[in-house]
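Since the structure comes first, as structure tokens, the remarks are kept for the end.
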Amino acid sequence: MTESSEKLKSLSSQEKCPYDRCNGSGLEFTEVNGRQAAIECECREEKLLSKKLEFATIIDEFQGTVISDYKADSNHYEKEKSIMRAKMCKKSAQSYVSRFEEMKRKKKGLYFYSKTPGSGKTMIISAIGNELVQEYKATVKFATAGDLLNAIRSTYGNSDINTHELIDAARKVEVLILDDMGQQSIKSDTNDHLFDILNHRINRDTVTIFSSNCKIEDLPYNFRIRDRITKMAIPIEAPNESVRKNLAQQENDELLRDLLVSKG
Ligand SMILES: Nc1ncnc2c1ncn2[C@@H]1O[C@H](COP(=O)(O)OP(=O)(O)O)[C@@H](O)[C@H]1O
Ligand SMILES: [Mg+2]
Ligand SMILES: [Zn+2]
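In the working numbering, each residue carries its 1-based index in the sequence shown increased by 284.
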């Protein structure tokens, strides 16, 4: 892990106030009519919402991953076309992060897609999420579309977490990253919940970043959802080549060379 990713890890796990007003306590102390008074900091409601989506964090493998960790070279991709696409993914991710405020005003997210697993889709969307936390102290939640829908289902008849509250949190969170869109089994409530969440997000200064193994128009949701996603995210085609496979092959080739020259 690089120094900057170490720093990032400690930063993102810290409870902090995004407005630098309450030291993360949720209460701000000020003078009202000559007396000390505690008032609720703006970050308090956000924190409460965020707590409802506690399960939605970047997976361990990509905690601390930044965009510069995502490589677009011939050590990772064999095909020229894949390298070109990886470069596009990387460049758009970098520009997106540096123009985040503008993208938020325009309510635009990104939609990375390619049918090949292991090609870096989860990696690039995680890196974007990490950098938005690092550079803007953004509130970022990350889940696969399937996990989010299952979490909502698990609140049915559960008195601790209210279904509406969880959906509301997903509607309002500043940055929602939905991995593996369209890969979960479609149940009767899938379209309703997804539409509800995305339709609310489209009308707020929030952004949604997606990954999927298919184009938006081929997503197995109803057309109203595909319409919303088309409106709220710029599609970017990711490489159709598995870096995971390429790296494993290189590792094995090296070991084999090693075994062949070793004595004993
Ligand atoms: N561009 C890349 N640079 C470096 N490592 C990569 C890249 N793309 C993928 N990997 C590696 O390959 C593995 C699979 O990537 P992942 O993002 O999970 O693929 P996908 O989500 O497309 O299935 C990851 O563990 C990551 O370490
Ligand atoms: Mg993935
Ligand atoms: Zn605060």
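All C-beta atoms in this analysis are idealised placements derived from N, C-alpha and C, irrespective of residue type, glycine included.
State yes or no: is the C-beta of MET407 within less than 8 Å of the C-beta of TYR361?
-> No, Cβ-Cβ distance for MET407 and TYR361 is not below 8 Å.
### Query
Could you give the distance in angstroms between the alpha-carbon of SER403 and the alpha-carbon of ARG437?
Distance between the alpha carbons of SER403 and ARG437: 30 Å.
Run of the alpha helix (DSSP H) containing LYS425, from where it starts to where it stops:
Counting along the chain, LYS425 falls outside any alpha helix (DSSP H), though it belongs to the beta strand (DSSP E) covering 424-428.
- Query: Can you name, in chain order, every residue of its own chain whose Cβ lies under 6 Å from the Cβ of ASP489, other than the five neighbours on each side?
  - Reply: LYS388
Between GLU419 and VAL459, which are expected to be in contact by the criterion C-beta below 8 Å, what is the C-beta distance as a whole number of angstroms?
-> Actually they do not touch by this definition, with Cβ atoms about 12 Å apart.
**Message:** Nearer than 7 Å: is that true of the beta carbon of SER358 relative to any heavy atom of ligand 2?
**Reply:** no
- Message: DSSP three-state label for ARG508, please.
- Response: helix
Exercise for review: Please find out if some non-hydrogen atom of ligand 2 comes closer than 7 Å to the beta-carbon of LYS405.
Suggested key: yes
Requested in this report: Find out if the Cβ-Cβ distance for the pair ILE409, ILE461 is shorter than 8 Å.
Outcome: yes
Counting only runs of 4+ residues fully inside the region 469-527, write out the alpha helix (DSSP H) ranges in chain order. 474-485, 507-516
>> Suppose you measure from the CA of SER297 to the CA of LYS331; what does that come to, to the nearest Å?
In response: Unreliable positioning characterises SER297 in this predicted model, as indicated by a pLDDT of 35, which lies under 50. A coordinate reading is not provided.
### Task
From the DSSP output, in three-state form, read off LEU337 for me.
coil
| How many angstroms separate the CA atom of ARG305 from the CA atom of LEU450? | 27 Å
As an exercise, report each continuous beta strand (DSSP E) stretch of at least 3 residues that is fully enclosed by the region 429-471, in chain order.
459-465
Margin query: At a threshold of 7 Å, does SER495 count as lining ligand 2 (C-beta to nearest heavy atom)?
Written below: yes
- Task: Can you grab the Cα-Cα spacing for the pair PHE479 / LYS365, in whole Å?
- Result: For PHE479 and LYS365, the distance between alpha carbons rounds to 35 Å.
- Query: So, LYS392 versus VAL491, is the Cβ gap smaller than 8 Å?
  - Reply: yes
Extent of the continuous beta strand (DSSP E) run through TYR395: 393-397
* Taking 7 Å as the cut-off, is the CB of ASP464 close to at least one heavy atom of ligand 2? -> yes
Just to confirm, are ASN414 and ILE367 a CB contact at a threshold of 8 Å?
-> no
- Query: Run through DSSP, which three-state label would GLU290 get?
  - Reply: Because the pLDDT at GLU290 is just 46, under 50, the model does not fix this residue reliably, and the value given afterwards should be weighed accordingly. Reduced to three states, the DSSP call for GLU290 is helix.
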